[in-house]
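Chemist: Same order as they appear, the protein sequences are chains G and X.
Take 68 as the starting number for the first sequence in our numbering and just add one per residue.
Take 68 as the starting number for the second sequence in our numbering and just add one per residue.
There are 2 protein chains.
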Amino acid sequence: MRLAVLGVGLIGGSVGLAARTRAQADVAGWDPDPGVAERALALGAIGAGAEDPAAAVAGADLVVVAAPVGVLPEAVGEALAAAGPETVVTDVGSTKRTVVAAHGGDPRFVGGHPLAGAETAGVEHARADLFEGATWYLTPTERTGGVLYERLHRFLTALGARPYAIDAERHDDVLAAVSHLPHVLANVLVAQAAGTLAREDERIPASGPSFRDATRVAGASTAIWRDIYLSNADALVGRIDEAIMRLSEVRETLAAGDGEAIAAWNDAAAEDRRGLLESGLAGGPVHELRASVPNQPGVVARLALELGRAGVNITDMALYPAADNRTGSVALWIAGDDEAGRAQELIAGLGFAVARA
Amino acid sequence: MRLAVLGVGLIGGSVGLAARTRAQADVAGWDPDPGVAERALALGAIGAGAEDPAAAVAGADLVVVAAPVGVLPEAVGEALAAAGPETVVTDVGSTKRTVVAAHGGDPRFVGGHPLAGAETAGVEHARADLFEGATWYLTPTERTGGVLYERLHRFLTALGARPYAIDAERHDDVLAAVSHLPHVLANVLVAQAAGTLAREDERIPASGPSFRDATRVAGASTAIWRDIYLSNADALVGRIDEAIMRLSEVRETLAAGDGEAIAAWNDAAAEDRRGLLESGLAGGPVHELRASVPNQPGVVARLALELGRAGVNITDMALYPAADNRTGSVALWIAGDDEAGRAQELIAGLGFAVARA
Numbered sequence: 068m069r070l071a072v073l074g075v076g077l078i079g080g081s082v083g084l085a086a087r088t089r090a091q092a093d094v095a096g097w098d099p100d101p102g103v104a105e106r107a108l109a110l111g112a113i114g115a116g117a118e119d120p121a122a123a124v125a126g127a128d129l130v131v132v133a134a135p136v137g138v139l140p141e142a143v144g145e146a147l148a149a150a151g152p153e154t155v156v157t158d159v160g161s162t163k164r165t166v167v168a169a170h171g172g173d174p175r176f177v178g179g180h181p182l183a184g185a186e187t188a189g190v191e192h193a194r195a196d197l198f199e200g201a202t203w204y205l206t207p208t209e210r211t212g213g214v215l216y217e218r219l220h221r222f223l224t225a226l227g228a229r230p231y232a233i234d235a236e237r238h239d240d241v242l243a244a245v246s247h248l249p250h251v252l253a254n255v256l257v258a259q260a261a262g263t264l265a266r267e268d269e270r271i272p273a274s275g276p277s278f279r280d281a282t283r284v285a286g287a288s289t290a291i292w293r294d295i296y297l298s299n300a301d302a303l304v305g306r307i308d309e310a311i312m313r314l315s316e317v318r319e320t321l322a323a324g325d326g327e328a329i330a331a332w333n334d335a336a337a338e339d340r341r342g343l344l345e346s347g348l349a350g351g352p353v354h355e356l357r358a359s360v361p362n363q364p365g366v367v368a369r370l371a372l373e374l375g376r377a378g379v380n381i382t383d384m385a386l387y388p389a390a391d392n393r394t395g396s397v398a399l400w401i402a403g404d405d406e407a408g409r410a411q412e413l414i415a416g417l418g419f420a421v422a423r424a
Numbered sequence: 068m069r070l071a072v073l074g075v076g077l078i079g080g081s082v083g084l085a086a087r088t089r090a091q092a093d094v095a096g097w098d099p100d101p102g103v104a105e106r107a108l109a110l111g112a113i114g115a116g117a118e119d120p121a122a123a124v125a126g127a128d129l130v131v132v133a134a135p136v137g138v139l140p141e142a143v144g145e146a147l148a149a150a151g152p153e154t155v156v157t158d159v160g161s162t163k164r165t166v167v168a169a170h171g172g173d174p175r176f177v178g179g180h181p182l183a184g185a186e187t188a189g190v191e192h193a194r195a196d197l198f199e200g201a202t203w204y205l206t207p208t209e210r211t212g213g214v215l216y217e218r219l220h221r222f223l224t225a226l227g228a229r230p231y232a233i234d235a236e237r238h239d240d241v242l243a244a245v246s247h248l249p250h251v252l253a254n255v256l257v258a259q260a261a262g263t264l265a266r267e268d269e270r271i272p273a274s275g276p277s278f279r280d281a282t283r284v285a286g287a288s289t290a291i292w293r294d295i296y297l298s299n300a301d302a303l304v305g306r307i308d309e310a311i312m313r314l315s316e317v318r319e320t321l322a323a324g325d326g327e328a329i330a331a332w333n334d335a336a337a338e339d340r341r342g343l344l345e346s347g348l349a350g351g352p353v354h355e356l357r358a359s360v361p362n363q364p365g366v367v368a369r370l371a372l373e374l375g376r377a378g379v380n381i382t383d384m385a386l387y388p389a390a391d392n393r394t395g396s397v398a399l400w401i402a403g404d405d406e407a408g409r410a411q412e413l414i415a416g417l418g419f420a421v422a423r424a
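(1) What residues from chain X crowd round residue 53 (chain G), counting only those whose CB sits closer than 9 Å?
(2) For the stretch 401–420 of chain G and the stretch 76–94 of chain X, state whether three or more C-beta atom pairs, one from each stretch, are separated by less than 8 Å.
(3) Alpha helix (DSSP H) containing residue 143 (chain G): first to last residue?
(4) Under DSSP, the alpha helix (DSSP H) around residue 120 (chain X) begins and ends at which residues?
(5) Rounded to the nearest angstrom, what separates residue 154 (chain G) and residue 146 (chain G) at their Cα positions?
(6) Would DSSP call residue 209 (chain X) helix, strand or coil?
(7) Which bits of chain A does residue 292 (chain X) rub up against, with CB to CB less than 9 Å?
(8) Following the continuous alpha helix (DSSP H) through residue 370 (chain X), name the residue where it begins and the one where it ends.
(9) When you compare the CB of residue 362 (chain X) with every CB in chain G, is at least one pair closer than 8 Å?
(10) Between which two residues does the alpha helix (DSSP H) holding residue 295 (chain X) run?
(11) Looking at the C-beta of residue 411 (chain G), does it have a partner C-beta in chain X at a distance below 8 Å?
(12) Judging by CA-CA distance, which residue of G:148, G:136, G:110, G:138 is the nearest neighbour of residue 127 (chain G)?
(13) Please identify the residue among G:196, G:250, G:234 whose C-alpha is closest to the C-alpha of residue 226 (chain G).
(14) Quick check on this structure: which residue in G:317, G:157, G:151 has the alpha carbon closest to the alpha carbon of residue 142 (chain G)?
(15) Would you report the Cα separation of residue 184 (chain X) and residue 249 (chain X), rounded to the nearest angstrom?
(16) What would DSSP say about residue 233 (chain X), mapped onto helix, strand or coil?
(17) Give every residue of the same chain whose Cβ lies closer than 7 Å to the Cβ of residue 348 (chain X), excluding the five residues on either side of it in the sequence, and list them in chain order.
(18) Can you confirm whether the stretch 91–108 of chain G touches the stretch 72–79 of chain G when touching is taken to mean that 3 or more C-beta pairs between the two stretches lie within less than 8 Å?
(19) Would you decide whether residue 161 (chain G) is buried or exposed? Buried here means 16 or more other CB atoms lie within 10 Å of its CB.
(20) Contact check, residue 358 (chain X) vs residue 399 (chain X) under 8 Å by CB: the rounded distance?
(21) Cβ of residue 249 (chain X) less than 8 Å from any chain G Cβ?
(22) Can you tell which of X:76, X:112, X:323 has its C-alpha closest to the C-alpha of residue 134 (chain X)?
(23) Enumerate in chain order the residues of its own chain whose CB-to-CB distance from residue 308 (chain G) is below 7 Å, with the five nearest sequence positions on each side excluded.
(24) If you follow the beta strand (DSSP E) that residue 135 (chain X) is part of, which residue opens it and which one closes it?
(25) Taking C-beta to C-beta, are residue 297 (chain G) and residue 324 (chain X) nearer than 8 Å?
(26) Using the C-alpha atoms, what's the distance from residue 82 (chain G) back to residue 355 (chain X)?
(27) In chain G, which residues lie less than 7 Å from residue 278 (chain X) when you measure between Cβ atoms?
(28) With distance defined between alpha-carbon atoms, name the residue in G:403, G:237, G:218, G:261 nearest to residue 335 (chain X).
(29) Rounded to whole angstroms, what is the Cα-Cα separation between residue 111 (chain X) and residue 84 (chain X)?
(30) Where in the stretch 74–126 of chain X do unbroken runs of the alpha helix (DSSP H), each at least 4 residues long, occur, reported from the N-terminal end onward?
(31) Quick check on this structure: which residue in G:123, G:239, G:263 has the alpha carbon closest to the alpha carbon of residue 340 (chain X)?
(32) Among X:223, X:206, X:216, which has the Cα closest to the Cα of residue 200 (chain X)?
(33) Got a sec: is the Cβ-Cβ distance from residue 255 (chain X) to anything in chain G below 8 Å?
(34) Considering only C-alpha positions, which residue in the set G:233, G:333, G:244 is nearest to residue 377 (chain G)?
(35) Taking the C-alpha atoms as reference points, what is the distance between residue 115 (chain G) and residue 218 (chain G)?
(36) With a Cβ-Cβ cutoff of 8 Å, do residue 313 (chain G) and residue 304 (chain X) count as a contact?
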């Protein structure tokens, strides 16, 4: 397996490290900053440095473009131009609509986004286990090649990640709620706290654990987040409006001193949190399902998206084309009895024959 | 040293454990739930169980009332009624105005609030190191007895905590910003995420690290937080209004797609966060300051509040009454060269002679 990583900072470097140690991949890397590429090589995050993106991509089975969101359409375009017909190209950008709009028509491109990272940046903080257990969103389209999607899915599970297929539009909407809005609120919190604590020559320690947790992502790298905010501004504005509405409601409840309503509001939040934590979990014995599918573009993407929508994690997958090359079967490994049952129903609902292997 | 703990859940139990293991205290405990008191005894969080609050308080040098905010005025009143004239009584409630308004006139009462806790509750999760390095706010008044305040301060540093004196009004204002508002925002975040993720039979994993951090305190124990919200509703409403204003501003910036303004806003948040983290730190060599003070009620509280306002942490303190019992000196140990210099200036500014020992 030959991997090319374009951009070898924290995420690209961690992909390289994990690919080399966990997937025995040959990793060629390139970075716009030659010093970064050198450090990545010295740290073992890449096995070889390349002169330019095209040289890194040449002969690769899989290309990971780890560039800032603002330059992604161009950077992915370059990678696709240099890649062969059997190469899958993905990215790790935090918003997906723009890059998928630009390249979703190319069967070789699958948008990606790992929910991993750190307060830190830079290849110096790259870790082979950064993606262990992390949700890794993939945004295939109806044009996506099934074989290429399967290769990417397998690669990500080898890194320890849990790939979930999701529509690009939906991805950006979800991320506005679970990532971009939390970042906005963290910024608001530190601005208010700084205003409160620093007044009149006072310097009050604000180091309670809940405050530190709530503001860990405040003022995250502007180089990265400026583009994320801009590229998802419309979805984020909707979420901010919703947050303002919710805050106005609880403000009225507090102003009225309505203890019962406050208790009910807080209980509902506890319930919501429990539900969200559970939806992030999967487990139990792994079942293998076999689905018979036509050998058409987009079939694997449809399957993956359908299960992703239902929160069913595909632990592993494999494609078996039939001899006639017009049909084939997809093997899916699903953890958990309930999840496997749900997956079976969903696949049957798509009109494909499916059975437990 | 004899300690009484009234209410032996997570916080009270951890006070007991830490007092027994780190301050060699005899700890008597009482809890409204006899089963909780039994478990605290079995876990070693208290050395003896008491029949009722008065029995626990009898003969104690120090009483910690760890009751929910809603019943604090009554519970502290009971403790003060049972306590001797030389006993210091404190509490651990998350808001301070109500209980200080009720008992701030008693020289034996000092309001307290450790910035520690956990997602968990219950004596089963009590830990002797829960307060290690934690800010512990104290709200002395001009009536507070100096000897009693010193005893409490020493006790808390023995637990590993860092006591900061602060005015009760200011405490509640600060906590609205650094604790109560973060809790409100966490509740808003999980409510929105649940609404977004759960629609149309979808179950999308929201388990990114930034979301988990931002919502760790969502739906915190209603039994505790209902009272906190109610007792600090006016301050919190002000903070919510401010948050809504800030959110409206960033919303407009996003809607306008103004990249420069977004970058400036995010950079400012990074700067605020850095400043807040630094204000929570102290360090360097410890200096001893000696201040000559009149032997009057409230003098020690004034000193502590003045240094607390400036963010100067008093690592340790000791009182030395003079033979005439009309004057005396206070020794203060301050970590850090700058902090010690600032403390010296501030004490001199109060009109007291002060020198490095």
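Glycine residues also receive a C-beta, built at the ideal position from the N, C-alpha and C atoms.
Modeler: In this structure, then:
(1) Past the edges of chain G, shown from 68 to 424, lies residue 53 (chain G), and the structure says nothing about it.
(2) no
(3) 139–149
(4) 120–124
(5) 10 Å
(6) coil
(7) Any reference to chain A falls outside this structure, whose protein chains are G and X.
(8) 366–376
(9) no
(10) 289–298
(11) no
(12) G:148
(13) G:196
(14) G:157
(15) 15 Å
(16) coil
(17) Only weak support exists for where residue 348 (chain X) lies, its pLDDT of 48 falling under 50; the value from the coordinates is given anyway. Correct list: empty, nothing qualifies.
(18) yes
(19) buried
(20) 7 Å
(21) yes
(22) X:76
(23) none
(24) Here residue 135 (chain X) belongs to no beta strand (DSSP E), and DSSP marks it neither H nor E.
(25) yes
(26) 52 Å
(27) 245, 246, 249
(28) G:261
(29) 7 Å
(30) 77–89, 101–109, 120–124
(31) G:263
(32) X:223
(33) yes
(34) G:233
(35) 22 Å
(36) no
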